[in-house]
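Q: Sharing a structure here in structure tokens format.
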Amino acid sequence: IIPSRYIFTALVSMGLAIIYGLKVNLSVAIVVMINSTELNAITAAESSHQSHRAAQNVSYYDKGIDLPEFACDDPNFKVNETFILQDGPFVWTEPVQGLILGSYFWGYILTQIPGGRIAEKYSAKWVIWGAVMTNVVSALFTPFAANKSYIAVLVVRFIQGLGAGVSSPAIHVMLTKWVLPKERNLMSSLIYAGTALGTVISLPFSGILASVGGWESVFYVEGGLALIWCVLWLLFIYDSPEEHPRINSEELNLFKSYCGDNRERKCLPPVPWKALTTSGPFWAILVAHTCANFGWYMLLVELPTYMKAILRFNISQNSALSAIPYLSLWVFSIVWSNRLDWAKGKGWISTTTVRKLSTAVASLLPAACLIGVALVGCNREAAVALVTIGTMFVAGMYCGFLTNHVDIAPNYAGTLMALTNTVATIPGFIVPAFVGQLTHGNQTLGQWQIIFYTTAAIYVVEFVVYAALASGEEQSWNRVLQHKNSNAQELEECR
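Counting from 1 along the sequence shown, just add 296 to a position and that's the residue number in this note's numbering.
The structure is reproduced here in structure tokens:
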């Protein structure tokens, strides 16, 4: 019989894979949803410059990137190379497409804190199920919305973001109940690596569905398959081991021996905001999470533009290469977390050391790789290798700051994750604006070197702040019975 905690880990990882897969599938589907011919004709009529570009037969897939004067030479690269796509029904300009894709994050940033607190006080199981179900229903409604107007799609994506926003805080709440301390690094990595796995699967699968069954099939098929998870979650997952009717008694005793009677607590007094916001370990996580997300968005969102505009990879090459970093990240996360749990089990390293070492791996090594990408210039093979290696080491964050909330305040892990993830979502808006400001009409190697050096510097800030302030030990303000602001009745109920 498979232990219940392993089933929990697998289903949570699958849930995150679904959320991320349904997030990125629109990025693929929108390419075949657009009527490129009509869109190019409209833009060609707007200005002589764009008319010149249309005459060069630059396809929509170029995403409006003018090939730079100071890009790398490639004898096999052709300016008028196009990726043949059947025109879709929608004439959505690039600003409209940007609004549609970005509306997801408008919703995502709003539900972090309420989602975390609801998961802590009521049921994280139902919060996570609701998060995935909201994304599934949104995906299934996307074709209907698209045929109405782009405003309808924008609203659907916003709702999808609202649902996804509660997922990570709620998962952190369940980690405190379903993951043994001795297995925390491996289980957390397996769970959060689902984000990479979902992206790896969704990108090529969405492309196949779009080409075979049309753009609508991307949403119907993927949304329909995700409904299977929604049923499995309700059948096999409970808020805690104590509530699980089919858990093995030996496994239940294992949880009790590690976590004691505190697992039985049914309520929490208000969040100790003053103690939390003056806590050095909390600020270490907040800064690390925000800096890491800046680098994450740069590596996984903006680098394809660099590979297209500067290194001059064609579309098929760019698509094929996009999966390699995600796969390397997934594999490394499993190996790294397993070795850390082994070393910690031997008593060779402390939780604090694990968190700081993992965050160092997730910050300094990607920083070094980005500097390397800037220095190798037009060496395409070296650049791809460095990007892959840099992305692989980002997986260290799963055993670093991203799990640290559970260490310092297990009673408020959902709220802490909500707070740091809310702030850490801001780079999702900043990074595209930053890159766009530097490269608009000036897509050159020199401008991208500035971008890479800046990102590397932010990674270094992440390491320095986290190394100075982080801790892997439970903080005193997490202990419910020590809260001075809670009344006697609340404390008695929480005993």
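Glycine included, each C-beta is placed from N, C-alpha and C at the ideal position.
Quick caveat: nothing in here was measured; it's all calculated off a predicted structure.
(1) What is the DSSP secondary structure of ASP557, counted as helix, strand or coil?
(2) According to DSSP, which residues form a beta bridge with LEU330?
(3) Would you kindly work out how many angstroms separate the C-alpha atoms of LEU596 and GLU546, rounded to a whole number?
(4) So ARG453 is in the alpha helix (DSSP H); what residue range does that whole segment cover?
(5) In terms of alpha-carbon separation, which member of VAL324, VAL761, ALA313, GLN771 lies closest to GLY510?
(6) Alpha carbon to alpha carbon, what distance is there between LYS473 and SER553?
(7) Is the distance from the Cβ of ILE581 to the Cβ of ASN717 below 7 Å?
(8) By the 10 Å Cβ neighbour count, where 16 or more other Cβ atoms means buried, how is LEU530 classified, buried or exposed?
(9) Let me see if you follow: with CB-CB separation under 7 Å, is MET594 close to chain B or not?
(10) Can PRO706 and GLY686 be called in contact, C-beta distance under 7 Å?
(11) Could you give the first and the last residue of the continuous alpha helix (DSSP H) run that contains LYS570?
(12) Please name the residue, chosen from ALA764, THR740, TYR708, that lies closest to PRO566 on a Cα-to-Cα basis.
(13) Spatial neighbours of GLY768 within its chain, please: C-beta separation below 6 Å, excluding the five flanking residues on both sides.
(14) Contact check, PHE386 vs ALA442 under 8 Å by CB: the rounded distance?
(15) Quick check on the DSSP output: what are the complete alpha helix (DSSP H) runs of length 4 or more inside the segment 723–776, in order along the chain?
(16) Mapping the DSSP letters down to three states, classify SER347 as helix, strand or coil.
(17) Relative to the alpha-carbon of SER485, which residue among GLY692, THR389, ALA763 has its alpha-carbon at the smallest distance?
(18) Just to confirm before moving on: does the CB-CB distance between VAL499 and VAL517 stay below 7 Å?
(19) If you compare alpha carbons, which of PHE578, MET470, THR684 is closest to MET483?
(20) Between GLY301 and ASN675, what straight-line distance do the alpha-carbon atoms span, to the nearest angstrom?
(21) For GLU518, report the span of its alpha helix (DSSP H) as first-last.
(22) Once DSSP output is grouped into helix, strand and coil, what is the label at ASN589?
(23) Have a look at PHE401 and GLU538 and give me their C-alpha separation to the nearest angstrom.
(24) Does the distance from the CB of GLN739 to the CB of ALA605 come in under 7 Å?
(25) Would you please state the rounded distance, in angstroms, between the beta carbons of VAL672 and LEU682? I believe it to be under 8 Å.
(26) Judging by CA-CA distance, which residue of TRP744, LEU450, TRP425, ALA313 is the nearest neighbour of TYR488?
(27) Between the C-alpha atoms of VAL669 and THR655, what's the straight-line distance to the nearest angstrom?
(28) On the CB-based measure, 16 or more other CB atoms within 10 Å of its CB, does ARG453 come out buried or exposed?
(29) Give me the Cα-Cα distance between THR573 and LEU765, rounded to the nearest whole angstrom.
(30) Per DSSP, what kind of secondary structure is HIS468 in: helix, strand or coil?
(31) At 4 residues or longer, what runs of the alpha helix (DSSP H) sit wholly inside the segment 619–695?
(32) Comparing C-alpha positions only, which one of ILE524, ARG480, ALA729, VAL508 sits nearest to SER629?
(33) Got a sec? Which residues, its chain only, sit under 8 Å from TRP240 by beta carbon, not counting five neighbours each side?
(34) Can you tell me whether HIS701 is helix, strand or coil according to DSSP?
(35) Please identify the residue among TRP632, SER502, GLU677 whose C-alpha is closest to the C-alpha of MET603.
(36) Spatial neighbours of VAL514 within its chain, please: CB distance less than 6 Å, with the 5 preceding and 5 following residues excluded, ordered by chain position.
A: On the basis of the coordinates in this document:
(1) For ASP557, the pLDDT reaches just 48, beneath the cut-off of 50, and the residue's location in the model is therefore unreliable, leaving the point undetermined.
(2) For the sequence presented, residue 330 should be read as Ile rather than Leu. The bridge partners DSSP lists for ILE330 are PHE386.
(3) Whole-angstrom Cα-Cα distance: 43 Å.
(4) It spans 446–461 - the alpha helix (DSSP H) in which ARG453 sits, taken as one unbroken run.
(5) Comparing Cα-Cα distances from GLY510 to each of VAL324, VAL761, ALA313, GLN771, the minimum goes to VAL324.
(6) Approximately 13 Å between the Cα atoms of the pair.
(7) Cβ atoms of ILE581 and ASN717: not closer than 7 Å.
(8) So LEU530 counts as exposed.
(9) In summary, chain B is missing from the structure at hand, where a single protein chain is found.
(10) The Cβ atoms of PRO706 and GLY686 lie no closer than 7 Å to each other.
(11) 569–573 is the span of the alpha helix (DSSP H), which, as asked, contains LYS570.
(12) Looking only at ALA764, THR740, TYR708, the smallest Cα-Cα distance to PRO566 is reached by TYR708.
(13) So the list reads THR647, THR648, ARG651, ASP703, once near-sequence residues are dropped.
(14) Going by Cβ atoms, the distance from PHE386 to ALA442 rounds to 7 Å, so yes, they are a contact pair.
(15) Qualifying alpha helix (DSSP H) stretches, in chain order: 723–735, 741–765.
(16) Reliability fails at SER347, whose pLDDT of 43 lies under 50, so the model's placement of it is uncertain and the value that follows must be treated cautiously. Note: SER347 maps to helix in three-state DSSP.
(17) Residue GLY692 is the option with its Cα nearest to SER485.
(18) Correcting the residue type first, residue 499 is Leu in the shown sequence and not Val. Going by C-beta atoms, LEU499 is not nearer than 7 Å to VAL517.
(19) For MET483, the nearest C-alpha among the options comes from MET470.
(20) The sequence as given places Arg at residue 301; Gly does not occur at that position. In a straight line, the C-alpha of ARG301 is about 46 Å away from that of ASN675.
(21) Annotation: the continuous alpha helix (DSSP H) that includes GLU518 extends over 511–532.
(22) Correct three-state label for ASN589: helix.
(23) Distance between PHE401 and GLU538, taken at the CA atoms: about 36 Å.
(24) Contact flag set, yes.
(25) At roughly 7 Å, the Cβ-Cβ gap stays under 8 Å, so VAL672 and LEU682 are in contact.
(26) Nearest of TRP744, LEU450, TRP425, ALA313 to TYR488, Cα basis: ALA313.
(27) Spanning the alpha carbons of VAL669 and THR655 requires a straight line of approximately 21 Å.
(28) The C-beta of ARG453 has 16 or more other C-beta atoms within 10 Å across all chains shown, which makes the residue buried.
(29) Using only the alpha carbons, I get a separation of about 13 Å.
(30) When DSSP states are grouped into helix, strand and coil, HIS468 belongs to the helix group.
(31) Counting only runs of at least 4 residues, the segment 619–695 fully encloses the following alpha helix (DSSP H) elements, listed from N- to C-terminal order: 647–672, 676–689.
(32) If we check each option's Cα against that of SER629, ARG480 comes out closest.
(33) With the chain represented from 297 up to 791, any question about residue 240 goes unanswered, as that position is not in the structure.
(34) It is helical.
(35) The shortest Cα separation from MET603 among TRP632, SER502, GLU677 belongs to GLU677.
(36) Answer for VAL514: ASN321, ALA325, SER502, LEU505, ALA506, listed in chain order.
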